[in-house]
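Trainee: For reference, the structure I am asking about is given below.
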Amino acid sequence: MTQQENLPALELSRRIRSGDLSVVESTRRSLAEVAQRNPTLNAFVEVWSDAALTRAAELDHKRVSGESTGPLFGVPIGLKSNLCVTGQLCTCASKMLSNYRPTYSATVCQRLLDADAILLGRTNMDEYAMGSGTEYSIYGPTRNPHFASGPNAVLEGYSPGGSSGGSAAAVASGMVPLALGSDTGGSIRQPAAFCGVYGLKPTYGRVSRFGLVAYASSLDQIGPIATTPEDLELLFQVIQGSDRLDATSLSREKVQQVEATLGHKSLKQLRVGIIREHAEQDLAPTVRRALEETKEYLKSVGATLVEVSLPKQAQAIATYYLIASCEAASNLSRYDGMHFGHRAQVPEKNATLEQVIAASRGEGFGAEVKRRIMLGTYALSHGYAEQYYQQATRMRQAIRQDFAAAFAEVDVLLGPTTPAPAFPIGAHRQDPIAMYLTDQFTVSANLAGLPAISVPIELTNFQPDESRLPVAVQFHAPPCGESRLFAVANALHERNQSAKLGAEA
């Protein structure tokens, strides 16, 4: 299958159901695409070819025998390497879990199988989902499928974002039409923006976290990545729903109750909040232009634009990294080389337990993971918990209140996903703070538990000195307001298609 022949998931599944294409043939084409493109991109770190083809044959037999088929029938899907699948490696791109094979599957993975999808393999990620560039991985960095031209191009290639960069690159390059990532502070939306695809961070609790290796439990959320809003919604509907194995998942009754209070609004009835604080931010010219073109389009189709304020936005990034690091220090304390994870071979004959644990954690964790464990441990230590962690939790509540006040006036919020397009690989390797700031517009949704979506924007024209790297905007909605996000994304998708056709004419 050439890249031009790649189909959205809905269309691919329709053709398979109609008999125009067999599941085996479709799966082989996806595997061929991975074999051709992955050596350059490093989006997949493991491909389950034999298992995928065996399952494809089973699904072909199911169709021929006249059995009912699921909504993702025959669709190949990439899985981030922190999602458990029975018997398959789940390394989190870390030496600490380099040999870990879970004996159970994540709820989302089981729901994919129940929907008749094909699990094609594991995608690359930042170690334990801690990173914004898919560079902190034992498998090496992933490259963005978009190679910028012009004076801003670089030989080494561009970052796909992180930590779900492998999933975003796999979808953007056409290796798979769909992929799952996890989003702790923007790890679905930022890679989606960098790679020019759609990415959704669902409401906290709408998607089960059972079988997701935890980074920061109160922030983590599994979500979909796709090339169209329709495919994004399809995958979301398959994986969402309550789960008795996850005590934090929202019940169906609760979701329906909240959705009923939100009601349904057409685009003409929609009040779109423009965040005042973003006007003061230093945005790349193409990102600012994407925002302006989006606002003009929304006005042209009848939406009402309303300026709103999120006063605590400036404190969001510090609040996020304190809370996330504290939870990471707690969650990762179990990996000591004795009960869980990599065990170091300590040469001293009479090595103490503490020495073995220290050596195991020293070898098993990478530099960025160690940095966040140390930050979290310090912030939770005696005498500093009140000064740092407790203050961060109070600021988190203030950020939630800011959003609640904004949503009393508007239906969705519009802002940038990232301050700039993709950066060159290695550009922030010596400056972790600069890497952290690429998430400055995405972390708030996780702190407040809100749904948010990254929507790629096709610019109407480029200046001669600008690269053609993808740019995107982001929309937030109230809790359980995913339907509003899909409606806006679908409208902008149509606008993008028209803009693309105009550029090619």
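Under our numbering, the sequence shown has 460 at position 446, and the numbering climbs by one with no breaks.
We treat Cβ as the ideally placed atom computed from N, Cα and C, and that holds for glycine.
All figures in this text were calculated on a predicted structure; none of them were measured in a lab.
1. Could you check the C-alpha separation between G255 and T407 for me, to the nearest Å?
2. Using the rule of at least 16 other Cβ atoms within 10 Å of the residue's Cβ for burial, across every protein chain shown, is Q18 buried or exposed?
3. What residue from E310, L324 and P325 has the CA that sits closest to T318's CA?
4. Beta carbon of G520, beta carbon of E377: below 7 Å?
5. According to DSSP, what are the bridge partners of L133?
6. Thinking C-alpha only, which one of L427, A65 and P191 is nearest L24?
7. State the Cα-Cα distance for the pair A343 and Y392, rounded to the nearest angstrom.
8. Could you round the C-beta distance between T198 and A240 to whole angstroms and report it? I think they count as a contact, below 8 Å.
9. By DSSP, does F500 sit in helix, in strand, or in coil?
10. For T156, collect the residues of the same chain with a Cβ closer than 7 Å to its Cβ; drop the 5 residues on either side in sequence, then sort them by chain order.
11. In terms of alpha-carbon separation, which member of H490, C123 and S280 lies closest to A193?
12. Can you tell me which of the three DSSP states L86 falls into?
13. Quick one, are the C-beta atoms of G88 and L67 less than 7 Å apart?
14. Is there contact here, the region 258 to 265 with the region 31 to 38, by at least three beta-carbon pairs under 8 Å?
15. Work out the CA separation of S44 and L26 for me, nearest whole Å.
16. Leaving out the 5 sequence neighbours to the left and right, which residues in its chain are closer than 7 Å to E60 when beta-carbon positions are compared?
17. Which of helix, strand or coil does DSSP assign to L305?
18. So, are the CB atoms of L324 and E291 less than 7 Å apart?
19. If distances are taken between C-alpha atoms only, which option among K215, G176 and Q488 comes closest to A143?
20. For the 8 Å Cβ check, are there 3 or more pairs between the region 413 to 428 and the region 348 to 356?
21. Taking the C-alpha atoms as reference points, what is the distance between T121 and P205?
22. Within the chosen definition, does the region 294 to 305 reach the region 485 to 499 through at least 3 CB pairs nearer than 8 Å?
23. Mind the definition here: the region 367 to 376 touches the region 326 to 334 only if three or more C-beta pairs lie below 8 Å; say whether that holds.
24. Assign T318 to one of three DSSP states: helix, strand, or coil.
25. What is the residue span of the beta strand (DSSP E) that Q488 lies within?
26. According to DSSP, is A240 part of a helix, a strand, or is it coil?
27. When DSSP labels each residue in this structure, what does T16 get in the three-state scheme?
28. How long is the line joining the alpha carbons of M409 and K326, rounded to whole angstroms?
Mentor: According to the data block:
1. Here residue 255 corresponds to residue number 241 of the sequence shown, with the count starting at 1. Here residue 407 corresponds to residue number 393 of the sequence shown, with the count starting at 1. Rounded to the nearest angstrom, the two C-alpha atoms are 27 Å apart.
2. The count along the sequence shown starts at 1 and reaches residue 18 at position 4. Low confidence applies here, because Q18 scores a pLDDT of 35, under 50, leaving its location unreliable; read the following figure in that light. Exposed: under 16 other Cβ atoms inside 10 Å.
3. Residue 318 sits at position 304 when you count from the first residue of the sequence shown. Ranking the options by Cα distance to T318, first place goes to E310.
4. Since the first residue shown for the chain is 15 and the last is 519, residue 520 is missing from the structure and cannot be characterised.
5. Residue mapping note: residue 133 aligns to position 119 of the sequence shown, counting from 1. L133 pairs with I91.
6. Working through the sequence shown from its first residue, we reach residue 24 at position 10. Ranking the options by Cα distance to L24, first place goes to P191.
7. Counting from 1 along the sequence shown, the entry for residue 343 is found at position 329. Counting from 1 along the sequence shown, the entry for residue 392 is found at position 378. Near 9 Å, if we compare the C-alpha coordinates of Y392 and A343.
8. Here residue 198 refers to the residue found at position 184 when the sequence shown is read from its first residue. Here residue 240 refers to the residue found at position 226 when the sequence shown is read from its first residue. At roughly 20 Å, the Cβ-Cβ gap does not stay under 8 Å, so T198 and A240 are not in contact.
9. Position 486 of the sequence shown, counting from 1, holds the residue named residue 500. Helix, per DSSP.
10. By one-based count along the sequence shown, residue 156 stands at place 142. For T156, where only same-chain residues beyond five positions count, the Cβ hits under 7 Å are L55, N56, A57, N138, T148, P174, G179, G180 and A183.
11. Taking the sequence shown and counting its residues from 1, one reaches residue 193 at position 179. Checking every option, the nearest Cα to that of A193 belongs to C123.
12. Taking the first residue of the sequence shown as position 1, residue 86 is located at position 72. In the structure shown, L86 falls within a coil segment according to DSSP collapsed to helix, strand and coil.
13. Here residue 88 refers to the residue found at position 74 when the sequence shown is read from its first residue. Here residue 67 refers to the residue found at position 53 when the sequence shown is read from its first residue. No, they are not a contact pair.
14. Output reads no: the region 31 to 38 does not touch the region 258 to 265.
15. As a working mapping, residue 26 is identified with position 12 in the sequence shown. As a working mapping, residue 44 is identified with position 30 in the sequence shown. Looking at the two C-alpha atoms, the distance is approximately 12 Å.
16. Taking the sequence shown and counting its residues from 1, the one referred to as residue 60 is at position 46. Hits under 7 Å: L103, G135 and R136.
17. For the purposes of this step, residue 305 is taken as the residue at position 291 of the sequence shown. Correct three-state label for L305: helix.
18. Here residue 324 refers to the residue found at position 310 of the sequence shown. Here residue 291 refers to the residue found at position 277 of the sequence shown. Contact flag set, yes.
19. Locating residue 143 in the sequence shown gives position 129, where the first residue counts as 1. Ranking K215, G176 and Q488 by Cα distance to A143 puts G176 first.
20. Counting Cβ pairs under 8 Å, fewer than three are found: no touch.
21. Here residue 121 corresponds to residue number 107 of the sequence shown, with the count starting at 1. Here residue 205 corresponds to residue number 191 of the sequence shown, with the count starting at 1. If you take the alpha carbons of T121 and P205, they lie about 23 Å apart.
22. yes
23. Verdict: no, contact absent.
24. The residue labelled residue 318 in the question sits at position 304 within the sequence shown. The answer is strand: DSSP assigns T318 an E or B state.
25. Looking up residue 488 in the sequence shown gives position 474. Looking at the DSSP string, the run of the beta strand (DSSP E) that includes Q488 is A486 to H490.
26. Numbered from 1 along the sequence shown, position 226 holds the residue referred to as residue 240. In this structure, A240 counts as strand in the three-state DSSP scheme.
27. In the sequence shown, the residue the question calls residue 16 occupies position 2. Model confidence at T16 stands at a pLDDT of 39, short of 50, so the residue's coordinates are unreliable; what they give is reported in the following sentence. Residue state, collapsed to three classes: coil.
28. To locate residue 409, count along the sequence shown from 1; it is residue 395. To locate residue 326, count along the sequence shown from 1; it is residue 312. For M409 and K326, the distance between alpha carbons rounds to 8 Å.
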